[in-house]
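The structure under discussion appears below in the form of structure tokens.
Residue numbers (this note's numbering), protein chains in the order written: chain E, 1 to 385; chain D, 386 to 770.
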């Protein structure tokens with residue numbers, strides 16, 4: 001008897017493959033082969049027209065939905081992926097890889113640099129969203145899929161969906177861009193830089209060579225995560241959840257056991273939990289990928305020109321209390337798409353959950369997501385050869 | 386021949402006094418005497434009715450206006466204090482003390498603890514806004530001033546102006562509350578907690594006893610300041626000022642000399658500059674004072690009841706792009722004052738400068754500030770005995 005919810009995928013298992021084709025990175029370096037860990041849900045149809053690529057965000061990975069034995073929580077987007085859910089696994093074949101550079105098994109800083117026969121560590125090459133899209137394209141070829149029904153992502157994931165639309169225009173029919181932006185603002189970059197400094201200032205970081213010393217910059221990485229975490233939440237949601245409640249003690253209590261607000265202990269707990277399983281070099285690398293993303297940087301900051309080559313349809317979604325990627329950043333995407341003559345649907349979702357809203361239950365978001373993907377599913381038969 | 390602007394105070398000098406009356410702190414500890422460093426501008430009139438108390442904010446001090454010999458910049462509020470300026474030193478006698486707990490000469494963590502005959506360091510008592518107001522009240526008695534024409538402050542300074550109105554209601558005629566809130570939100574507290582963690586994580590912090598080791602937690606304090614700094618600026622102002630400009634190098638440049646965005650190098654420079662002159666124990670103490678401030682905490686969170694005892698008039702000012710203390714937090718103050726039947730003027734100023742706007746030139750802000758204080762000046766004669 002299963003203990004998983006009735007509309008759940010139940011137990012899932014990751015797969016691991018070696019892509020034996022060379023991947024030329026934006027920095028010029030060519031990786032002869034690379035490993036990708038991914039999960040898939042649902043069945044690929046005969047014509048291979050029902051595949052959906054799900055792209056993860058900064059701290060995400062291949063475990064997007066379903067359950068691992070013994071785990072208390074399902075994958076990070078389980079609320080939106082599964083039988084009867086918006087990304088309906090009864091209709092779609094869903095693929096979610098961990099991207100290169102992350103720390104969940106795909107090629108990354110923890111792997112052996114073939115030249116030095118030691119872990120790459122801080123010397124892992126600078127990579128970009130384009131490199132990720134190219135790696136995902138090789139995965140697509142490996143799986144013999146010619147065209148995605150949709151490429152979907154939130155935040156950093158949405159940047160991949162956006163880039164897909166113009167890098168391989170013939171290879172996707174829909175791009176779903178949630179809670180994102182065409183490039184980071186100076187404020188976004190500042191928060192990422194502070195997170196990197198927090199890691200690099202930890203004496204256990206040792207210029208990124210912490211593995212050589214059998215240590216980890218836990219304190220620095222925890223603080224980096226706290227800095228990020230606050231920017232994912234809204235002032236309202238933090239106020240509702242924590243207010244100014246003290247976890248213990250009075251405000252003018254003992255100097256030796258100082259009082260702590262609930263919000264402090266929550267962030268500290270989350271930060272320290274994160275620091276135990278995430279890799280510091282990966283975190284630095286990933287925040288740099290975010291900082292360097294500039295959708296129309298190569299076309300003189302003209303996103304209309306950049307979007308011109310896209311052939312797919314678009315869904316863009318933003319959330320009212322998201323201050324990391326505010327709704328005006330999504331409107332910029334929509335305006336550029338309209339000016340480029342593209343087919344775009346756009347929804348602004350009322351939410352007090354901040355940037356995290358894209359991961360959380362929300363009736364209207366769910367309805368729009370479900371409705372759009374139902375149309376995508378209905379159109380699949382039309383594309384049978 | 387003076388090299389200072391014609392409407393400037395010119396050269397100014399701080400004064401230092403010992404308050405020999407006991408100060409009972411909120412935590413119960415009694416300080417037998419304490420030192421206060423302050424500056425004064427303008428002349429006290431015969432009836433001592435033209436004195437204005439200026440309260441500084443988190444990183445502020447007694448040097449509010451005028452110039453020190455050889456310095457490139459005047460005091461922190463020089464734009465608003467001086468002859469013919471909104472706080473007009475031709476009319477008012479202006480006093481600005483450095484509060485206790487800071488690191489500019491007034492009694493603080495760097496001073497000798499009379500019990501241990503060693504510097505207080507991290508054992509300096511927890512202090513509160515109320516303690517500051519009480520200390521300022523002793524300064525007022527020392528100066529033989531019975532009633533302030535106005536108590537004025539921005540941010541943490543405004544919290545002092547707010548507390549003055551109800552702690553010594555008979556001793557001020559106007560309270561000017563700029564860019565502030567009746568208490569911090571969970572998000573505000575979270576940013577302060579991250580700043581404190583940044584300091585405490587620095588190995589040179591040594592549990593606050595860094596002076597014993599002849600070192601200073603420069604890196605941690607610099608990061609703490611960066612975290613604070615970002616919350617004082619608006620997304621717009623950072624975007625205008627820095628955009629995504631690189632200081633040097635290309636994005637996919639040399640791994641050894643990584644590229645840096647302008648905003649990164651600016652914040653790093655400001656953080657490191659700050660860390661050289663500010664004291665880490667003071668910074669921790671001051672952020673705690675902010676966190677613990679709760680204007681109506683003692684009256685069951687009923688600010689209307691708390692304001693009931695106030696006798697002065699109020700001016701409240703907020704700025705549209707301030708996300709540290711958004712305009713809705715100032716409206717809460719105004720609503721409570723109106724419900725308590727008080728005389729309050731309120732202005733919301735259009736600005737893209739974020740929280741820092743209260744320090745910066747702004748025509749409408751200046752006009753309102755000037756207009757209000759002109760009325761205060763006109764009313765002074767009425768109060769002659």
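Where a beta carbon is used, it is the ideal one built from N, C-alpha and C, also for glycine.
* Below 8 Å between beta carbons is the criterion; list the residues of the segment 389-402 of chain D that meet it against any residue of chain E, in chain order. => none
* Asked: Which chain D residues sit within Cβ distance under 9 Å of residue 183 (chain E)?
  -> 629
* For residue 611 (chain D), decide whether its Cβ has a neighbour in chain E, counting only Cβ atoms nearer than 8 Å. => yes
* Asked: So does the segment 491-509 of chain D actually touch the segment 428-438 of chain D, counting three or more Cβ pairs closer than 8 Å?
  -> By the C-beta criterion, the segment 491-509 of chain D is judged not to be in contact with the segment 428-438 of chain D, since fewer than 3 inter-stretch pairs fall below 8 Å.
* For residue 419 (chain D), which of helix, strand or coil comes out of DSSP? -> strand
* Assigned secondary structure, residue 19 (chain E) (DSSP; H/G/I helix, E/B strand, else coil) -> strand
* **Within 8 Å, strictly: CB atoms of residue 655 (chain D) and residue 610 (chain D)** => yes
* Measure from the C-beta of residue 197 (chain E) to each C-beta in chain D and report whether the shortest distance is under 8 Å. => yes
* To do: Use the C-beta contact count for residue 766 (chain D): other C-beta atoms within 10 angstroms, 16 or more gives buried, fewer gives exposed.
  => exposed
* beta strand (DSSP E) runs contained entirely in the segment 693-744 of chain D, provided each spans 3 or more residues -> Taken in chain order, the unbroken stretches of beta strand (DSSP E) that lie wholly in the segment 693-744 of chain D and span 3 residues or more are 698-704, 729-734.
* Could you say which of E:341, E:322, E:26, E:216 lies nearest to residue 204 (chain E) if we only look at CA atoms? => Relative to residue 204 (chain E), the option among E:341, E:322, E:26, E:216 whose CA is nearest is E:216.
* How would you list, in chain order, the residues of chain D whose beta-carbon sits under 8 Å from the beta-carbon of residue 267 (chain E)? -> When 8 Å is used as the limit between beta carbons, residue 267 (chain E) is near these residues of chain D: 575, 578, 579, in chain order.
* Asked: Should residue 752 (chain D) be labelled buried (16 or more other beta-carbon atoms within 10 Å of its own) or exposed?
  -> exposed
* So with Cβ pairs under 8 Å, would you call residue 264 (chain E) a contact of chain D? -> Chain D contact via Cβ: present.
* State the Cα-Cα distance for the pair residue 162 (chain E) and residue 548 (chain D), rounded to the nearest angstrom. => 52 Å
* **Neighbourhood of residue 330 (chain E) by C-beta, 8 Å cutoff - its chain only, sequence neighbours within 5 removed** => 177, 179, 180, 181, 316, 317, 318, 346, 348
* To do: Express the C-alpha separation of residue 268 (chain E) and residue 389 (chain E) in angstroms, rounding to a whole number.
  => This structure leaves residue 389 (chain E) out entirely; chain E is present only between 1 and 385.
* Along chain D, in chain order, which residues have C-beta atoms closer than 9 Å to that of residue 235 (chain E)? -> Simply 570, 571, 572, 573, 708, 711.
* Just checking my contact of residue 480 (chain D) with residue 422 (chain D) at CB under 8 Å: how many whole Å lie between their CB atoms? -> About 12 Å separates the two Cβ atoms, so there is no contact after all.
* **Limits of the unbroken alpha helix (DSSP H) element including residue 218 (chain E)** => It spans 218-232 - the alpha helix (DSSP H) in which residue 218 (chain E) sits, taken as one unbroken run.
* To do: Give me the Cβ distance between residue 687 (chain D) and residue 681 (chain D), rounded to the nearest whole Å; I'm assuming they're in contact under 8 Å.
  => Rounded, the Cβ-Cβ distance is 6 Å, consistent with contact.
* **For residue 540 (chain D) and residue 740 (chain D), believed in contact at Cβ under 8 Å, the rounded distance** => 7 Å
* Going by the CB atoms, is the gap between residue 447 (chain D) and residue 389 (chain D) shorter than 8 Å? -> no
* Asked: If you compare alpha carbons, which of D:669, D:444, D:469 is closest to residue 460 (chain D)?
  -> D:444
* Of the choices E:350, E:97, E:364, whose alpha-carbon is the least far from that of residue 140 (chain E)? -> E:97
* Asked: Using a C-beta to C-beta distance shorter than 8 Å, which residues of chain E count as neighbours of residue 646 (chain D)?
  -> Chain E residues near residue 646 (chain D): 186, 189, 193, 291.
* To do: Inspect the beta-carbon positions of residue 191 (chain E) and residue 615 (chain D) and report whether they are closer than 8 Å.
  => yes
* **Sub-8 Å separation of residue 211 (chain E) and residue 119 (chain E) beta-carbons** => yes
* Asked: Do you know how far the Cα of residue 683 (chain D) is from the Cα of residue 472 (chain D)?
  -> 33 Å
* To do: Could you tell me the distance, in whole angstroms, from the CA atom of residue 286 (chain E) to the CA atom of residue 322 (chain E)?
  => 20 Å
* To do: Could you tell me the distance, in whole angstroms, from the CA atom of residue 1 (chain E) to the CA atom of residue 12 (chain E)?
  => Confidence is the limiting factor: at residue 1 (chain E) the pLDDT is only 42, short of 50, which leaves the residue's position unreliable, though a coordinate-based value still follows. Computed Cα separation, rounded: 16 Å.
* State yes or no: is the C-beta of residue 152 (chain E) within less than 8 Å of the C-beta of residue 304 (chain E)? => In this structure, residue 304 (chain E) does not lie closer than 8 Å to residue 152 (chain E) by Cβ.
* Please say whether residue 138 (chain E) and residue 404 (chain E) have beta carbons closer to each other than 8 Å? => What is shown of chain E runs 1 to 385, which leaves residue 404 (chain E) out entirely.
* Comparing alpha-carbon positions, which option in D:513, D:394, D:499, D:474 lies nearest residue 410 (chain D)? -> D:513
* For residue 503 (chain D), three-class secondary structure by DSSP -> strand
* **Contact residues within the segment 534-553 of chain D, judged by C-beta distance below 7 Å to chain E** => none
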